[in-house]
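A.B. asks: Below is a structure I'd like to ask you about.
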Amino acid sequence: MNVTATEIDLGLGVLDHQLVDREGRNCGNVDDLELVGLDADEPEVAEILCGGNAWRSRGFFGRLAAALSGNATHVPWSEVAEVSSVVRLKRTEPELRLGRGDDRAAKLIDWIPGS
Amino acid sequence: MRSPAAVHHTGVIAPKAVVLASALLLVAGCGGKSTLGPKALQQEATGLQSLAAEGGILAGDAAHGRSTSVFLRVHAQYLTKAAQASASTLAAGGPAATSLANLATNVARDLEGLSHSGSDRAQQRRLAAALARDAARAGKLGKSA
Amino acid sequence: MKQFLQIALGILSAIGGFVDIGDLVFNTQAGATFGFELMWVVVIGVVGIIVYSEMCGRVAAISKRPVFDLVRERVGFSAGLGTLIASEIVNLLTCAAEVGGIAIALQLLSGLPYRYLIVLAVVGLLVLSWTLPFVWIERLFGYVGLCLLVLVVAAIKTHPSWGHVAHGFVPSVPSGNRLVYFYFVVGLLGAALTPYEVYFYSSGAVEDRWSAKDLRMNKVTAIIGYSLGALLSFALMVIAAQIFLPKGIDPQFLGTPALGVEAVLGRIGLILAIVGILFAVGGAAIETSFSGAYNLAQFFGWQWGKKERPSKAPRFALSWIAIFILAALIVMTGYDPVKITEYSVIFSVVALPLTFLPILLVANDPVYMGRYRNSRLSNVLGIAYFVLILAIAASAIPLMILTNGGKG
Chain A
946 MNVTATEIDL
956 GLGVLDHQLV
966 DREGRNCGNV
976 DDLELVGLDA
986 DEPEVAEILC
996 GGNAWRSRGF
1006 FGRLAAALSG
1016 NATHVPWSEV
1026 AEVSSVVRLK
1036 RTEPELRLGR
1046 GDDRAAKLID
1056 WIPGS
Chain B
29 MRSPAAVHHT
39 GVIAPKAVVL
49 ASALLLVAGC
59 GGKSTLGPKA
69 LQQEATGLQS
79 LAAEGGILAG
89 DAAHGRSTSV
99 FLRVHAQYLT
109 KAAQASASTL
119 AAGGPAATSL
129 ANLATNVARD
139 LEGLSHSGSD
149 RAQQRRLAAA
159 LARDAARAGK
169 LGKSA
Chain C
5 MKQFLQIALG
15 ILSAIGGFVD
25 IGDLVFNTQA
35 GATFGFELMW
45 VVVIGVVGII
55 VYSEMCGRVA
65 AISKRPVFDL
75 VRERVGFSAG
85 LGTLIASEIV
95 NLLTCAAEVG
105 GIAIALQLLS
115 GLPYRYLIVL
125 AVVGLLVLSW
135 TLPFVWIERL
145 FGYVGLCLLV
155 LVVAAIKTHP
165 SWGHVAHGFV
175 PSVPSGNRLV
185 YFYFVVGLLG
195 AALTPYEVYF
205 YSSGAVEDRW
215 SAKDLRMNKV
225 TAIIGYSLGA
235 LLSFALMVIA
245 AQIFLPKGID
255 PQFLGTPALG
265 VEAVLGRIGL
275 ILAIVGILFA
285 VGGAAIETSF
295 SGAYNLAQFF
305 GWQWGKKERP
315 SKAPRFALSW
325 IAIFILAALI
335 VMTGYDPVKI
345 TEYSVIFSVV
355 ALPLTFLPIL
365 LVANDPVYMG
375 RYRNSRLSNV
385 LGIAYFVLIL
395 AIAASAIPLM
405 ILTNGGKG
């Protein structure tokens, strides 16, 4: 299944799937989707929401997790290269402002020899 | 000489003091000596039999040079602590627990002696026999609980 | 020749890594309480872990995705997060029990104070996990864990009635308290079907970039390795049945199985047993900690992998470091590791359906698996085990309460 196909099962084929950047690096999950044109005949996915308060629409535990997190990262759907068992993106993680948690975490262990 | 206010104060306090003292006594009674029922006594007896029997195997192995001094000391200490805990529980367990409580104290003492026995083979042989007797006695007391 | 060697090494590693503190505790207690009557449960448990490990390995090799990655996709965010929380609690408790077990084993060898040895254990695990590649961690702990084969020697030397032992492989009406019997059935199955092993195995398969050509090796290693590893469980039960049951000994300490070996084989047997326990439990501690880190990283979509430099997967690295430290803090409270083990095994049984259902679903999914989806045999076994898992998950906590943790 690739992104140019006209039909993608958003529930089974995209939501909660792994996001992978151009270099093959994991950069979060598809935590929520921003849809537009719901009133029209053909709704479209405008954005992928990743992390942070994207979880607030995902049930009780989602709301709990969202309350403890910051803002979600928004990835325009146009950045998606391919939808297969993972969602592959066209650009790298830093270019899309994803994986900021790793940047912060790296500072805690960078000083250890062998890191 | 107490002032009239103090007399009045004492007259008001006295019933409260009785209530407070009664409450304290009640609480002390709840947290203090309580009788262990037959099932609890049986479980304690089974536990003691187990500890004594295990100590007996350890003592026998040590007496024949089949253990290491470190393992003997450390494992016997674990058994000792468990026996001491049992002895404390039984000491507070009421009149029906007296025999078991005394036995638990003996077992704890024998196990502690074992943990300090080092390479004294003669003592280890004596303790092996003593612990075997303790285990048998715990078994009998458990059946009669 | 190279593949034969690889398989042989994998099998050796599986044998040495088969036993963890849960197996040590439950198999010894089962033997000391019911003699040989529960041997058949170990067989059921081992077949179950073979069935699910084979499925996990196949899913990892074909879909290139580890198990926990697929949990969220299959059951959704909220249920997936619930599964994650349950898994992390169980992983943490299990890791704490293993760390405590390492400290006790070190104490039985050295005589040094227990609390210092907890710190030493955790520092040692952190250093080894940080510096050694996985293949060397597996080899070190797996091969030295083979010292536990002394259990098999000791069991044989107790000269059991082999007829009675054989009888234990046939389920029969329990001779003692039935509730306690079923508590041990649940505990033994829980000790064999550990979720952390499954998560760790599938993540390792993805890290090692398994493909379809590795499937046969996966099957052979799983079947032979776990089957031979089960010998250790049988041996623990036989020793307990022969040495502890006749004297009414209720094994409550980690040194007790070692005492059983000492009684038969003397000082050398004792030392081999303790060293074997130390490395088997040490390997399990590393597996549990990494399993917890894998689950977190895979659920939230972080970069993960032991093969990555820590700075390239920092949240993953911090996760396993944090799990080791939290585990040490739990054990430092003074709570008995054997008691923690009993709770962790029973709670992991409760969480088992959430682990195995996604594996079963994905292993059957043609989108992920193509022509490598489950065969009829795999499905029959997989579904049968899932029904069993549901039954033991429902009964685990009631049995623990009703039997006072197996005491009756």
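As given, the protein sequences belong to chains A, B and C, one line each in that order.
Position 93 of the first sequence, counted from 1, bears residue number 1038 in my numbering, the numbering being contiguous throughout.
Position 126 of the second sequence, counted from 1, bears residue number 154 in my numbering, the numbering being contiguous throughout.
Position 199 of the third sequence, counted from 1, bears residue number 203 in my numbering, the numbering being contiguous throughout.
All C-beta atoms, glycine included, are put in the ideal place defined by N, C-alpha and C.
Which same chain residues end up closer than 7 Å to residue 49 of chain B when comparing Cβ atoms and leaving out the 5 residues on each side of it in sequence?
C.D. replies: Per-residue confidence for residue 49 of chain B stands at a pLDDT of 49, beneath the threshold of 50, marking its modelled position as unreliable; no derived number is given.
A.B. asks: Comparing alpha-carbon positions, which option in C:177, C:195, C:135 and C:130 lies nearest residue 33 of chain C?
C.D. replies: Checked all of C:177, C:195, C:135 and C:130; the closest Cα to residue 33 of chain C is C:195.
A.B. asks: Is the CB of residue 948 of chain A under 8 Å away from at least one CB in chain C?
C.D. replies: Unreliable placement is indicated for residue 948 of chain A, whose pLDDT of 45 sits below 50; the coordinate value is still reported in the next sentence. Closer than 8 Å: no.
A.B. asks: Got a sec, what are the start and stop residues for the beta strand (DSSP E) residue 367 of chain C sits in?
C.D. replies: Taken as a continuous stretch (DSSP letters only), residue 367 of chain C belongs to no beta strand (DSSP E), being part of the alpha helix (DSSP H) at 341-367.
A.B. asks: To the nearest angstrom, how far is the alpha carbon of residue 22 of chain C from that of residue 260 of chain C?
C.D. replies: Each residue's alpha carbon lies about 19 Å from the other.
A.B. asks: Could you tell me the distance, in whole angstroms, from the CA atom of residue 202 of chain C to the CA atom of residue 209 of chain C?
C.D. replies: When rounded, the distance between both Cα atoms is 11 Å.
A.B. asks: Is residue 52 of chain C closer than 8 Å to residue 219 of chain C when the C-beta atoms are compared?
C.D. replies: No.
A.B. asks: One question on the structure: do residue 307 of chain C and residue 961 of chain A come within less than 8 Å of each other, judged by their Cβ atoms?
C.D. replies: In this structure, residue 961 of chain A does not lie closer than 8 Å to residue 307 of chain C by Cβ.
A.B. asks: Report the neighbours of residue 1022 of chain A on chain C: residues whose CB is nearer than 9 Å to its CB, in chain order.
C.D. replies: Within chain C, no residue comes near residue 1022 of chain A; the closest Cβ sits about 18 Å away, beyond 9 Å.
A.B. asks: Taking the Cβ atom as the reference point for each residue, do residue 295 of chain C and residue 64 of chain C lie within a distance shorter than 8 Å?
C.D. replies: No.
A.B. asks: Is the separation between the beta-carbon of residue 335 of chain C and that of residue 109 of chain C shorter than 8 Å?
C.D. replies: For residue 335 of chain C and residue 109 of chain C, no; Cβs fall outside 8 Å.
A.B. asks: In the DSSP assignment, the beta strand (DSSP E) including residue 1018 of chain A goes from what residue to what residue?
C.D. replies: Looking at the DSSP string, the run of the beta strand (DSSP E) that includes residue 1018 of chain A is 1018-1021.
A.B. asks: Cβ closer than 7 Å: which chain A residues qualify as neighbours of residue 372 of chain C?
C.D. replies: Per Cβ cutoff of 7 Å: 1030.
A.B. asks: Closer than 8 Å by beta-carbon distance: list the chain C residues that pair up with residue 962 of chain A, in chain order.
C.D. replies: Residues of chain C passing the Cβ test: 77.
A.B. asks: Since residue 1066 of chain A is in the beta strand (DSSP E), which residue starts that stretch and which ends it?
C.D. replies: With chain A running from 946 to 1060 in the structure shown, residue 1066 of chain A is simply not present.
A.B. asks: For residue 81 of chain B versus residue 251 of chain C, is the C-beta spacing smaller than 8 Å?
C.D. replies: The answer is yes: Cβ separation under 8 Å.
A.B. asks: Run down chain A in chain order and give the residues with a C-beta less than 9 Å from the C-beta of residue 318 of chain C.
C.D. replies: Result: 1046, 1047, 1048, 1049, 1050, 1051, 1052, 1053, 1054, 1055 and 1060.
A.B. asks: Within the same chain, show all residues whose beta-carbon is closer than 6 Å to that of residue 149 of chain B, passing over the 5 residues directly before and after it, in chain order.
C.D. replies: Closer than 6 Å at the Cβ level, and outside the excluded window around residue 149 of chain B, lie 91.
A.B. asks: Look up residue 378 of chain C in the DSSP assignment and say whether it is helix, strand or coil.
C.D. replies: Three-state result, residue 378 of chain C: coil.
A.B. asks: Please give me, in chain order, every unbroken run of the alpha helix (DSSP H) with length at least 4 that falls completely inside the stretch 238-312 of chain C.
C.D. replies: The qualifying runs are 259-304.
A.B. asks: Closer than 9 Å by beta-carbon distance: list the chain A residues that pair up with residue 375 of chain C, in chain order.
C.D. replies: Within 9 Å Cβ-Cβ: nothing; residue 375 of chain C doesn't reach chain A, min ~16 Å.
A.B. asks: Please state the DSSP three-state secondary structure of residue 73 of chain C.
C.D. replies: Three-state result, residue 73 of chain C: helix.
A.B. asks: Contact check, residue 86 of chain B vs residue 110 of chain B under 8 Å by CB: the rounded distance?
C.D. replies: Not a contact, Cβ separation roughly 13 Å.
A.B. asks: Taking 8 Å as the threshold (C-beta atoms), are residue 94 of chain C and residue 87 of chain C in contact?
C.D. replies: In this structure, residue 94 of chain C does not lie closer than 8 Å to residue 87 of chain C by Cβ.
A.B. asks: How many Å lie between residue 355 of chain C and residue 397 of chain C at the Cα?
C.D. replies: Near 7 Å, if we compare the C-alpha coordinates of residue 397 of chain C and residue 355 of chain C.
A.B. asks: What does DSSP give as the partner residue(s) for residue 963 of chain A in the beta ladder?
C.D. replies: Per DSSP, A:974.
A.B. asks: I'd like the span of the alpha helix (DSSP H) that includes residue 119 of chain B, first residue to last.
C.D. replies: It spans 97-119 - the alpha helix (DSSP H) in which residue 119 of chain B sits, taken as one unbroken run.
A.B. asks: Check the DSSP bridge columns for residue 1028 of chain A and list the partner residues they point to.
C.D. replies: Paired residue(s): A:1032.
A.B. asks: With a cut-off of 8 Å, do at least 3 Cβ pairs link the stretch 26-44 of chain C to the stretch 241-248 of chain C?
C.D. replies: The stretch 26-44 of chain C is in contact with the stretch 241-248 of chain C.
A.B. asks: Where does residue 177 of chain C land, buried or exposed, given buried means 16+ other C-beta within 10 angstroms?
C.D. replies: Under this definition residue 177 of chain C is an exposed residue.
A.B. asks: For a contact defined as C-beta to C-beta under 7 Å, what are the partners of residue 998 of chain A on chain C?
C.D. replies: Near residue 998 of chain A there are no residues of chain C at all, since even the closest Cβ is about 13 Å away, more than 7 Å.
A.B. asks: Please report the Cβ distance between residue 368 of chain C and residue 380 of chain C, rounded to the nearest whole angstrom; I am assuming they are in contact, meaning their Cβ atoms lie under 8 Å.
C.D. replies: Actually they do not touch by this definition, with Cβ atoms about 11 Å apart.
A.B. asks: Do residue 964 of chain A and residue 1043 of chain A have their C-beta atoms closer together than 8 Å?
C.D. replies: Taking 8 Å as the Cβ cut-off, residue 964 of chain A and residue 1043 of chain A qualify as a contacting pair.
A.B. asks: What in chain B is Cβ-close to residue 271 of chain C, meaning under 7 Å?
C.D. replies: Simply 94, 95 and 96.
A.B. asks: Is there a Cβ from chain C that is less than 8 Å from the Cβ of residue 112 of chain B?
C.D. replies: It does not: the Cβ of residue 112 of chain B has no partner Cβ on chain C nearer than 8 Å.
A.B. asks: Do residue 273 of chain C and residue 148 of chain C have their C-beta atoms closer together than 8 Å?
C.D. replies: No, Cβ-Cβ distance for residue 273 of chain C and residue 148 of chain C is not below 8 Å.
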